[in-house]
Amino acid sequence: DIQMTQSPSSLSASVGGRVTITCRASQSISSSLNWYQHKPGKAPELLIYAASSLQSAVPSRFSGSGSGTDFTLTISSLQPEDFATYYCQQTYSSPRTFGQGTKLEIK
Amino acid sequence: QITLKESGPTLVKPTQTLTLTCTFSGFSLSTSGVGVGWIRQPPGKALEWLALIYWDDDKRYSPSLKSRLTITKDTSKNQVVLTMTNMDPVDTATYYCAHRIATSGVEYFQHWGQGTLVTVSS
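Residue numbers (my numbering), protein chains in the order written: chain L, 16 to 122; chain U, 771 to 892.
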């Protein structure tokens, strides 16, 4: 299995601030990396696919980058609705593993 | 509009078999590239990918759970069924089904159901 490691596991930030979440794969996965946002009691939502492509209707303050083994999700100008848990997922090979999640909290 | 909804028991006893049904609309599981996957989230823990069935009936399973999982589809009913045998309290989780899209080498879960909480307890 390809292991996906996110860092940090949690972080606090202020509304209007900027955060970067990192996801590292245990082997190269090219650009086969998606990012999801998950809020309690709701279904996860796709933010970024193929490492850097913004899903339709997702605000442009979300951006993704990286390839190979190292990837980042950046949220600029944080909004109150952005406080959630974020997961990366590789789709390079089965099983399509998720990272352990990064919980973003309001400072 | 694409929707998915999970259904099944909310409580199962240890050693029992869990059967979950994902009923979907807005897409066909006969269309090339389409798939439906199952993902779970134990309370306070991360998402865990369980299984995926493709339009051509190909199937993939999490290696750690493969011996306990079976995924099937009924294209005429727009349903995907996941069975998990020998349930244990550690299998307590919210179980999600999701619509898999694949195009030009890109793959993602575009739509998800709301999830169903399954508790394993005697």
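Think of the CB as a built atom: it goes at the ideal place given N, C-alpha and C, for glycine as much as any other residue.
Fill in: Inter-stretch contact (C-beta, 8 angstroms, three-pair minimum) for the region 89 to 99 of chain L and the region 844 to 857 of chain U
Per the Cβ contact rule, the region 89 to 99 of chain L is not in contact with the region 844 to 857 of chain U (fewer than 3 Cβ pairs under 8 angstroms).
Discussion item. Considering only their Cβ atoms, is the gap separating serine 91/L from arginine 33/L smaller than 8 angstroms?
Written reply: By one-based count along the first sequence, residue 33/L stands at place 18. By one-based count along the first sequence, residue 91/L stands at place 76. In contact: arginine 33/L and serine 91/L (Cβ atoms closer than 8 angstroms).
Worksheet item: Going by DSSP, which residues form a beta bridge with threonine 789/U?
Response: Along the second sequence, one-based indexing puts residue 789/U at 19. Paired residue(s): Thr853/U.
Fill in: From Cys867/U, Thr889/U, Ser892/U, residue whose alpha carbon lies closest to that of threonine 773/U
Taking the second sequence and counting its residues from 1, one reaches residue 773/U at position 3. Closest by alpha carbon: Cys867/U.
Worksheet item: To which residues does DSSP link isoleucine 36/L through a beta bridge?
Response: Here the question's residue 36/L lines up with position 21 in the first sequence. As DSSP reads the structure, isoleucine 36/L sits in a beta bridge with Leu88/L.
Worksheet item: Is it the case that the Cβ atoms of leucine 790/U and lysine 843/U are separated by a distance below 8 angstroms?
Response: By 1-based counting over the second sequence, the position of residue 790/U is 20. By 1-based counting over the second sequence, the position of residue 843/U is 73. In this structure, leucine 790/U sits away from lysine 843/U, with a CB-CB distance that is not shorter than 8 angstroms.
Fill in: Reduced DSSP category for arginine 111/L - H, G, I as helix; E, B as strand; rest coil
The residue given as residue 111/L occupies position 96 in the first sequence. Three-state DSSP puts arginine 111/L in coil, outside helix and strand.
Item to complete: Out of Tyr865/U, Val850/U, Ser874/U, point me to the one whose CA is closest to valine 890/U's CA.
Response: As a position in the second sequence, residue 890/U is number 120, starting the count at 1. Comparing Cα positions, the closest option is Tyr865/U.
Item to complete: Out of Val851/U, Ser834/U, Thr886/U, Thr862/U, state which residue places its alpha-carbon closest to the alpha-carbon of threonine 785/U.
Response: Sequence index remark: in the second sequence, residue 785/U carries index 15 (1-based). Closest by alpha carbon: Thr862/U.
Worksheet entry | the region 799 to 810 of chain U touching the region 872 to 888 of chain U, judged by at least three CB pairs closer than 8 angstroms | The region 799 to 810 of chain U, when compared against the region 872 to 888 of chain U, does touch it at the 8 angstroms Cβ threshold.
Worksheet entry | Partners in chain B for threonine 112/L, counting only beta-carbon separations shorter than 7 angstroms | No chain B appears in the structure shown, which is made up of the protein chains L and U.
Worksheet item: What's the gap between the Cα of serine 27/L and the Cα of isoleucine 121/L?
Response: Counting from 1 along the first sequence, the entry for residue 27/L is found at position 12. Counting from 1 along the first sequence, the entry for residue 121/L is found at position 106. C-alpha separation (whole angstroms): 5 angstroms.
Worksheet entry | Through-space distance from glycine 883/U to alanine 58/L, alpha-carbon basis | Residue mapping note: residue 58/L aligns to position 43 of the first sequence, counting from 1. Residue mapping note: residue 883/U aligns to position 113 of the second sequence, counting from 1. Looking at the two C-alpha atoms, the distance is approximately 6 angstroms.
Worksheet item: Any C-beta of chain L sitting closer than 8 angstroms to the C-beta of proline 833/U?
Response: As a first step, residue 833/U must be located in the second sequence, where it is residue number 63. Proline 833/U counts as touching chain L.
Worksheet item: List, in order along the chain, the chain U residues whose C-beta lies closer than 8 angstroms to that of proline 74/L?
Response: Counting from one through the first sequence, the residue named residue 74/L turns up at place 59. Contacts between proline 74/L and chain U, judged by CB atoms closer than 8 angstroms, are missing: the closest CB pair is about 17 angstroms apart.
Practice prompt. Report the three-state DSSP secondary structure of valine 860/U (helix, strand or coil).
Written response: Here the question's residue 860/U lines up with position 90 in the second sequence. In this structure, valine 860/U counts as helix in the three-state DSSP scheme.
Discussion item. Looking at the secondary structure, which residues open and close the beta strand (DSSP E) in which glycine 807/U lies?
Written reply: Here residue 807/U corresponds to residue number 37 of the second sequence, with the count starting at 1. Its beta strand (DSSP E) spans residues 805 to 811.
Discussion item. Comparing C-alpha positions only, which one of Ile823/U, Thr787/U, Val850/U, Thr793/U sits nearest to arginine 111/L?
Written reply: Locating residue 111/L in the first sequence gives position 96, where the first residue counts as 1. That would be Ile823/U, whose Cα lies nearest to the Cα of arginine 111/L.
Worksheet item: Of all the residues that make up the region 49 to 60 of chain L, which are near chain U by a beta-carbon distance shorter than 8 angstroms?
Response: Residues of the region 49 to 60 of chain L whose Cβ lies closer than 8 angstroms to any Cβ of chain U, in chain order: Asn49, Tyr51, His53, Lys57, Ala58, Pro59, Glu60.
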